[in-house]
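One structure is given here, and the rest of the page talks about it.
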Amino acid sequence: MKLKLHWQILIAMIAAWVFALLLGERSSFVEPLGTLFIRLLKMIIVPLVIFSITTSVASLGEPKSLGRLGIKTFAYYICSSLLAILIGVGLVNAIQPGQGVELREGPAMSTESLQKPASATDLILRVIPVNPVATAAEGDMLGLIFFSILFGFALTQVSQSKRDKVLPLLEAGFEVVMRLTHIIIKFAPIGVFGLIVTMVNQNLGTEFFKAVGLYMVTIAAGLSLHLFIVLPLILYLFTRRNPIDQFTHMASALATVFATSSSLATLPVTMECVEENIGVSPKVANFVLPLGATMNMDGTALFECVGVLFIAQVMGVGLGIDQQIIVVLTALLGSIGTAAIPSAGLVMIFVLLDAVGLQGESIPMIVGTMLAVDRPLDMYRGIVNIFSDSVGAVVIAHSEEEPIQSKSTK
């Protein structure tokens, strides 16, 4: 029986550790494997952002047909994701999981090289690209995300016949990029092997592993706060419904996403729980939930922010409030197009790193270690994403004054 990917990564991590300890510096010949894997991940960033965000927005259909249901749905997505991001930023600044690690990679990165807006106006202007092609070539992800959202929205403004000519091409491109992403992620065990060997050869000591453990605790704490406090509060304040019942009705979907780590793969189960167990009408569920599976990524957005700030702390780079605002804004926009597949959030971390200009030789090694311990966090993120979708469906159905008649769970 073929081992699941997360077990392959775990075995590769242990094997790399033993390999590096036995051979010492002679093991350095496998280090390029890690570099190759990181370059492959970076290679798909631009096409993944363009195709995923554009198709997500363009698939909404004609704005006239969306009406207030679409406005409410987007408002909920933005607010819930922003709350999750702010929780993550607050915790990572309070806990400081990456502090105290000394990297042996030469001079520390200067904060002068970081991207930072001179003012609020400068931040707004930076979001709008002058040349989208140059923006993609230069890796200005904030501008590229903004353009992709606008391009997708513009597609909803043209006639159906014209949209039918363009959208299928974008959807086909998205499927190809997704397939390529799956292929690259399959090589994760090999990449992790090379990255862990690099880490061991750098002799980082126990401080780095303590930092990684604290990083995991930080993300788990943030996800727990959002899942068990923020989302239940939203549900109760807007609908006066019992959050415990919501967890009970969504049990099958939460178990499924925990096993698959994919909101998209869990969508059929999510829709069944929301419609059959909770009692939300198909009209609302069929609109809100498919969009939520691709656009509403509360857990992923939180993880991306914490991950970037953790990397900055490990590298000894203090991100000021201006850079953190860029991280928050990029994560909020980027969460719209984060692919609903396992560990896709790690790809988007590079987008956020580019947005603030954070670079360094140690970044691939840090990201590789994050990938090695990401599986349980990815499973937990999926639960947060799915539960947020279900809360959104109930809140929006309630605002539409639709009767919601909960049924007994199957």
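For the numbering used here, add 1470 to where a residue sits in the sequence shown, where the first one is 1.
No residue lacks a Cβ here, since even glycine has one placed at the ideal position from N, Cα and C.
Quantities reported herein were computed from a predicted structural model and do not represent experimental measurements.
In the structure shown, arginine 1633 adopts helical secondary structure according to DSSP, grouped into three states.
According to the DSSP assignment, threonine 1718 belongs to the alpha helix (DSSP H) that extends over 1713-1719. Scanning its chain for C-beta atoms nearer than 8 Å, with the 5 sequence neighbours on each side dropped, one finds around cysteine 1775 the residues Ile1555, Gly1558, Val1559, Val1562, Val1797, Val1798, Ala1801 and Leu1822, in chain order. Here the alpha carbons of isoleucine 1619 and phenylalanine 1521 stand approximately 10 Å from one another. When DSSP states are grouped into helix, strand and coil, arginine 1496 belongs to the helix group. Taking the C-beta atoms as reference points, glycine 1504 is found no nearer than 9 Å to threonine 1626. In this structure serine 1551 touches asparagine 1766 by the C-beta definition: roughly 7 Å separates them, less than 8 Å. Judged by DSSP secondary structure, valine 1687 falls within the alpha helix (DSSP H) whose first and last residues are 1676-1695.
Under a 10 Å Cβ-count criterion, lysine 1542 is classified as buried, with 16 or more other Cβ atoms of the shown protein chains found around its own Cβ. Here DSSP, grouped into helix, strand and coil, assigns arginine 1710 to coil. By the Cβ-count criterion, histidine 1652 is exposed, with fewer than 16 other Cβ atoms from all chains shown falling within 10 Å of its own Cβ. For the pair of segments examined, the segment 1709-1723 was found not to touch the segment 1595-1613: the number of CB pairs separated by less than 8 Å stays below three. By the neighbour-count criterion, in which a residue is buried when 16 or more other Cβ atoms sit within 10 angstroms of its Cβ, glutamate 1501 is buried. The shortest CA-to-CA distance from valine 1628 to any of Ser1529, Ile1699 and Leu1539 is the one to Ser1529. Contact between proline 1599 and phenylalanine 1617 holds: CB atoms are separated by about 6 Å, below the 8 Å threshold. The DSSP-derived three-state label of glycine 1777 is helix. Under the criterion of beta carbons closer than 8 Å, leucine 1803 and isoleucine 1515 do not qualify as touching, at roughly 14 Å.
Take methionine 1483, set aside five residues on each side of it, and the residues of its chain with a beta-carbon closer than 7 Å to its own are Val1662, Ile1666 and Ala1842, in chain order.
The beta carbons of serine 1731 and methionine 1849 sit about 5 Å from each other, so the pair counts as a contact at 8 Å.
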